[in-house]
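Taking it in order: structure first as structure tokens, then the write-up.
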């Protein structure tokens, strides 16, 4: 399970088998409504 605290520390969650990743860019850390990036097969 992904936690907000882990995303805020820069942890990148990924699955090499499905080529899916989710992470929070450093520029989003500390903002009121941060966004995360979800990548799937090289598409954001």
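Numbering (the numbering used here), first residue to last: -8 to 35.
We put the beta carbon where it would ideally sit given N, CA and C, even for glycine.
With DSSP run on the structure shown, which of helix, strand or coil describes residue i?
{"i": "residue 23", "result": "coil"}
{"i": "residue -5", "result": "helix"}
May I ask you to list the residues that DSSP assigns as paired with residue i?
{"i": "residue 11", "result": "6 and 31"}
Going by C-alpha to C-alpha distance, which of the options sits closest to residue i?
{"i": "residue 18", "options": "-4, 1, -7 and 8", "result": "1"}
{"i": "residue -2", "options": "33, 32, 16 and 10", "result": "16"}
{"i": "residue 30", "options": "23, 22 and 11", "result": "11"}
{"i": "residue -6", "options": "35, 22 and 13", "result": "13"}
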